[in-house]
Ligand code: GLC
């Protein structure tokens with residue numbers, strides 16, 4: 029059967045539930061107060077019981093940790109704070125024994141300032157082959173052009189040359205600790221092929237490609253018409269038909285450093301390597317591009333998947349959600365690829381907080397999870413999402429994210445979503461570590477009831493909702509067919525075998541149509557709370573799955 033987003037595919041990643049592990053905050057296995065690979069391995073039974081098919085590990089490579097490991101000094105080793113290469117091998121093997129696939133993060137857009145190549149470039153003169161692996165340009169009074177960093181401030185930093193004088197500038201689309209690689213340099217391309225093979229040889233099943241849309245640059249380094257507008261435009265859905273949307277689209281299509289055509293050549297080579305290995309090895313691109321460009325990252329000569337980021341930003345509105353889903357599916361369906369859905373990740377506010385916080389935010393987050401889990405394609409679950417964690421309130425003095433520092437505090441950054449997980453129903457550190465030292469980010473005082481231990485025993489907990497929905501979603505097949513609910517705040521869609529999903533984003537209870545009243549309730553986002561006469565209505569901020577018998 030031809031692969032289609034809705035066909036039953038034998039490729040694991042077409043419909044996988046992938047759990048994102050952010051190693052430093054997952055679980056500390058060696059008592060030094062920081063999460064590590066041994067800690068992840070010890071929690072594999074927890075992940076198996078949750079019902080996930082794969083783990084994606086955020087970077088654990090040697091790094092000075094200026095951007096929590098996304099500044100990599102050696103992509104073919106393990107930082108001693110996370111363990112050893114043999115710990116990584118052991119984790120891969122133990123995961124496979126439990127039938128859990130393993131994906132690792134690759135960061136090919138840039139390296140750390142501690143990477144030997146960058147150190148060699150600093151020690152070499154302008155025009156040298158060592159500098160040619162990066163984007164070094166001569167600077168006058170001003171940076172070489174007007175590009176701005178995604179983390180705020182100029183995208184160029186001037187170095188001091190060996191003679192002690194101010195010299196060239198290097199490009200960094202992110203933090204100054206993350207110099208961008210020059211992908212037109214053959215050393216760069218060849219070295220990344222070695223890195224792919226290094227991890228494929230160790231048995232990894234897939235890669236998450238960081239900033240996959242950023243590797244190719246305009247080598248004329250032309251000024252951009254609106255560099256700040258560009259960084260903002262990349263996080264919008266561009267297809268709402270407005271004049272602003274058209275303007276944003278133009279900015280992206282003329283971007284100097286994102287989503288350029290030259291990328292295709294890079295991924296064509298990567299795909300050959302992935303295809304040369306046995307098993308379904310895959311790569312998912314982290315590419316913040318508008319829906320109409322998403323298909324460029326998924327094809328038989330490119331990568332396999334692109335993250336669908338729509339649910340990270342979608343408004344709590346059934347009609348908006350419906351349009352978003354239609355567009356997201358259409359964008360990848362055009363190239364025969366399955367969609368992907370993510371409610372949260374380590375770069376975004378936690379979904380409970382984004383949707384209003386408190387009980388309302390939690391109810392909405394649970395309902396949104398049931399919407400996502402009912403859709404075709406694969407889902408990405410960020411650690412702690414299954415516990416319904418909100419963002420942790422942090423004092424500015426606790427923050428570590430370079431976004432906070434580069435914007436002089438104007439943007440608080442992403443630390444609130446990165447706080448260590450609570451495992452036991454106690455007090456901080458909630459079983460995360462046996463160390464007496466403070467965790468790298470402080471955990472809130474009131475997380476006992478959100479701990480794995482507390483939620484494990486509570487049948488109505490978010491953890492148990494996730495377990496049930498991840499288990500049941502395996503039955504979902506077929507295309508998404510939207511059904512007119514007669515209410516712009518209620519979205520209903522059907523899949524095969526009579527399975528229906530309904531969600532109410534409004535303020536009023538919705539009276540269910542006749543055909544759903546007679547249906548079997550498979551799962552409700554309020555789960556085991558006695559539904560009583562609620563079976564006739566769908567309360568606000570609630571989602572429900574039904575099986576309709578015909
Ligand atoms: C990606 C990562 C993010 C990191 C950035 C630079 O967007 O997800 O955490 O800061 O790339 O590597």
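Residue numbers (this note's numbering): 29 to 578.
Yeah, the Cβ is synthetic: ideal placement off N, Cα and C, and Gly gets one too.
Note that the coordinates shown come from a computational prediction; the quantities given were computed from them, not determined experimentally.
- Taking 4 residues as the shortest admissible run, the stretch 431-519 contains the following complete alpha helix (DSSP H) segments, listed from N- to C-terminal end: 480-485 and 490-500.
- By a beta-carbon distance limit of 8 Å, residue 451 contacts residue 481. Their separation comes to about 7 Å.
- With a 10 Å radius around the Cβ and a threshold of 16 neighbouring Cβ atoms, residue 509 comes out exposed.
- With contacts defined as CB atoms closer than 8 Å, residue 538 and residue 493 fail to qualify as a contacting pair.
- In this structure, the straight-line span from the alpha carbon of residue 351 to that of residue 345 is close to 10 Å.
- Taking a cut-off of 8 Å for Cβ pairs, the stretch 233-250 and the stretch 313-333 touch, as three or more such pairs fall below it.
- Annotation: residue 54 is outside any beta strand (DSSP E) and is labelled neither H nor E by DSSP.
- Distance from the CA atom of residue 124 to the CA atom of residue 552, rounded to whole angstroms, is 32 Å.
- For residue 571, the beta-bridge partners assigned by DSSP are 531.
- DSSP, read as helix, strand or coil, puts residue 220 in helix.
- Looking at 304, 407, 273 and 334, the one whose alpha-carbon comes closest to that of residue 287 is 334.
- Proximity of the stretch 150-167 to the stretch 179-196 meets the contact definition, three or more beta-carbon pairs being nearer than 8 Å.
- A straight line joining the alpha-carbon of residue 135 with that of residue 216 spans about 12 Å.
- A residue is called buried when at least 16 other Cβ atoms come within 10 angstroms of its Cβ; residue 503 does not meet this threshold and is exposed.
- The beta-carbon distance between residue 446 and residue 50, rounded to whole angstroms, is 6 Å. This is short enough to meet the 8 Å contact definition.
- Two segments are said to touch when three or more pairs of C-beta atoms, one from each, lie closer than 8 Å; by this definition the stretch 78-90 touches the stretch 128-143.
- The ligand GLC has no heavy atom closer than 7 Å to the beta-carbon of residue 360.
- Sequence-distant partners of residue 44 (beyond 5 residues in either direction) whose C-beta falls short of 6 Å from its own C-beta, in its chain, are 81, 82 and 406.
- The Cβ atoms of residue 172 and residue 249 sit closer than 8 Å to each other.
- Spanning the alpha carbons of residue 430 and residue 576 requires a straight line of approximately 51 Å.
- Spatial neighbours of residue 90 in its own chain (CB-CB distance under 6 Å, excluding positions within 5 residues in sequence) are listed in chain order as 101, 102, 105 and 107.
- Within the stretch 288-322, the complete alpha helix (DSSP H) segments of 4 residues or longer fall at 291-303 and 319-322, listed in chain order.
- Judged by beta-carbon spacing, residue 525 lies beyond the 8 Å limit of residue 495, meaning their Cβ atoms are not closer than that value.
- Relative to the Cα of residue 500, the nearest Cα in the group 232, 116, 393 and 402 belongs to 402.
- In this structure, the beta-carbon distance from residue 228 to residue 295 does not fall below 8 Å.
- Within the same chain, Cβ atoms closer than 7 Å to the Cβ of residue 314 are found at 236, 237, 238, 239, 240 and 335, the five residues on either side in sequence being excluded.
- For residue 333, the distance from the CB to the nearest heavy atom of the ligand GLC is not below 7 Å.
- For residue 280, the enclosing alpha helix (DSSP H) covers residues 271-281.
- Distance from the CA atom of residue 488 to the CA atom of residue 555, rounded to whole angstroms, is 6 Å.
- With respect to the C-alpha of residue 411, the residue from 426, 439, 375 and 271 having the closest C-alpha is 375.
- For the options 285, 258, 180 and 468, the alpha carbon positioned closest to that of residue 272 is the one of 258.
- In chain order, 424 place their CB closer than 8 Å to the CB of residue 437, counting only its own chain and leaving out the 5 sequence neighbours on each side.
- Taking every protein chain shown into account, the CB of residue 491 has 16 or more other CB atoms within 10 angstroms, so this residue is buried.
- Listed in chain order, the non-local C-beta contacts of residue 385 below 7 Å within the same chain comprise 418, local neighbours out to five positions each way being set aside.
- Here DSSP, grouped into helix, strand and coil, assigns residue 368 to strand.
- Annotation for residue 154: 164, 166, 189, 195 and 196 place their beta carbon closer than 8 Å to its own, counting only its chain and skipping 5 residues before and after.
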